[in-house]
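K.L.:
My questions will all concern the structure given below.
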Amino acid sequence: MKSKTKKLVLSALFMALTCVATMSIRIPTPGTGGYIHLGDAFTILAGILFGPVWGFLIAGLGSSLADFLGGYFLYVPITFLIKGLIALFSAFAFRKFSSSSKKYYLPLAFGGMADIILVAGGYFLFEFFLYGKGAAASIPANLIQGISGLLLSQILYPVLAAVPDVKHLITANNHML
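Quick note: the sequence shown uses my numbering, first residue 195, plus one each step.
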């Protein structure tokens, strides 16, 4: 039971970190009123640290909570889906391409690629129905956001993996298939 409680607490903490990282630094983007933020690194890492299901929920809820608290109510459902899918794909990529926690660059890169594609493509499709062709204005900013998420996750992963409880999560979640 102690292990389940730790996972629940770490999940809630990571969800809050995802929300705070999304809300703390906002660089406005043209066209749609969106913003570039650092939260994507945490969506990638949520899948890797907590596995596909928990990662989906942590990334989706943490990111959509940031939209809700920031007044982007219309984006809450699509953000939940897109950010959850990023964590899901990141988890599967990490399981498939990681032979040990020391070889994490390539699996994280695949998670980052999922981020770049899903954020730029997913938000474009959603915003196209809202803004028409003007939605294309957000694509460059979303690409920058995805790339920054990939780079930041590469920096944060070894730091987080050095924490004993997080290391245990990584090992447990990536040996379950």
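Here a beta-carbon is modelled for each residue, glycine too, at the ideal position from N, C-alpha and C. Treat the numbers as computed from the prediction; the structure is a model and nothing was measured.
On the CB-based measure, 16 or more other CB atoms within 10 Å of its CB, does F322 come out buried or exposed?
P.N.:
Exposed.
K.L.:
Using only CA atoms, which one of N367, A235, D359 and L354 lies nearest to G340?
P.N.:
If we check each option's Cα against that of G340, A235 comes out closest.
K.L.:
Three or more beta-carbon pairs under 8 Å between the segment 201 to 208 and the segment 302 to 317, yes or no?
P.N.:
With the cut-off at 8 Å, the segment 201 to 208 and the segment 302 to 317 do not touch.
K.L.:
Measure how close the beta-carbons of S284 and G245 come, nearest whole angstrom, since I'm counting them as under 8 Å.
P.N.:
With a Cβ gap of about 10 Å, S284 and G245 do not count as contacting.
K.L.:
For the alpha helix (DSSP H) that contains S375, what are its first and last residues?
P.N.:
Since the first and last residues shown for the chain are 195 and 371, residue 375 lies out of range.
K.L.:
Taking Cβ to Cβ, would you say A260 is nearer than 9 Å to F208?
P.N.:
Cβ atoms of A260 and F208: not closer than 9 Å.
K.L.:
What did DSSP end up calling Y298 once you bin it into helix, strand or coil?
P.N.:
Correct three-state label for Y298: coil.
K.L.:
When you compare the CB positions of I252 and I338, do they come within less than 9 Å of one another, or not?
P.N.:
Not closer than 9 Å, so no.
K.L.:
What did DSSP end up calling Y266 once you bin it into helix, strand or coil?
P.N.:
Coil at Y266, not helix or strand.
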